[in-house]
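Counting in the numbering used here, the sequence shown runs from 3 upward without gaps.
The beta carbon of each residue, even a glycine, is placed where N, CA and C say it ideally should be.
Computed from a predicted structure; not experimentally measured.
Input: a single structure, listed below in structure tokens.
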Amino acid sequence: MTRKLLALILILNLTACAELQQVVNQLPQGGTLGNSDIAAGLRQALDFGIDKQVTKLTQTDGFFKNELVKILLPEELQKVDKTLRDIGLDNLADEGLKVLNRAAEDAVKEATPIFADAVKEITFDDAKNILLGDNDAATQYLTAKTQLELYAKFNPVIKNSFDKVGADEIWSNLINRYNNIPFTNKVNPDLTDYVTGEALKGVYTMIAVEEKDIRTNISSRTTDLLKKVFALQD
């Protein structure tokens, strides 16, 4: 059984290599790319995505005013937000959401060096799999390479950010007001882990947006290398 499985993996790998080589061979004369060029093109695409999209998230309202990544309350607390708004405490509810998103904006500043190291490690085999993969294959690669390290970086920053902006006081006020409403179930959440996870999702979401744009929109391939490499998957 093990031999059959290994044989199948080898066949699939060779098939992918052959498919990529066939595409390369079909390029116009003079447009053939070497393995290093293909890997460099994928690195460039990811660098552009990180520089263009991740940087946006570090700015004020980078999360809060971006509907793709805006951090809302965890499911078990959404009733808090709704109830506060129902009784006219919209401003208090908004302040609660803002501190979550501000913490994420602070944390994402830690991401760029980690992404840069992961991008540098892309090999031709990685590039081959990415190029022949889905529209977010490069983002999936980055996720696998960086998620654990980013979590470890983001979590303490988010905790410190909560302390810096007085999130504890805001959330204590918000939840205490909610808990004092008759007939409600009392809640006492720890939001640091939740916001860390949501911040990570937001980062990868925005990289995937840029990757898809480069893959599907020729005008977004702003360098000769990007044009040549992504012509392979058109």
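Straight-line spacing of the CA atoms in Ala140 and Glu213 works out to 7 Å. Residue environment: Leu150 is assigned as exposed (fewer than 16 neighbouring CB atoms within 10 Å of its CB, all protein chains considered). Under the three-state reduction of DSSP, Leu152 is assigned to helix. The Cβ atoms of Val71 and Leu59 sit closer than 9 Å to each other. Look at the beta carbons and you see the segment 49-63 touching the segment 198-210: at least three pairs across the two are nearer than 8 Å. The residues Val121, Ala140, Leu144, in chain order, have a CB closer than 7 Å to that of Leu48 in the same chain once the five nearest residues on each side in sequence are set aside. Here Ala106 is not near Phe50, since their CB atoms are 9 Å or more apart. Note that the C-beta distance between Val231 and Ile89 is not below 9 Å.
A buried status is given to Ile132, since no fewer than 16 other beta-carbon atoms sit within 10 Å of its beta-carbon. By the criterion of at least three beta-carbon pairs nearer than 8 Å, the segment 110-120 is not in contact with the segment 175-184.
When the beta-carbon positions are compared, Asp63 and Asn103 come within less than 9 Å of each other. By the neighbour-count criterion, in which a residue is buried when 16 or more other Cβ atoms sit within 10 angstroms of its Cβ, Gly36 is exposed. Apart from sequence neighbours up to five positions away, the residues of its chain that approach Leu152 with a beta-carbon distance below 8 Å are Glu112, Ala113, Ile116, Leu202, Val205, ordered along the chain.
Between Ala109 and Leu227, the C-beta spacing is not below 9 Å. Contact annotation, Ile73 with Val197: C-beta distance approximately 6 Å; criterion of less than 8 Å satisfied.
Excluding residues up to 5 positions away in sequence, Ile160, Lys161 lie with their Cβ nearer than 6 Å to the Cβ of Thr194 in the same chain. In the structure shown, Pro184 adopts coil according to DSSP, grouped into three states.
Asn157 and Val101 have their C-alpha atoms roughly 15 Å apart.
Restricting attention to Asn68, Lys81, Ala146, Ile52, the CA atom closest to the CA of Phe185 is found in Lys81.
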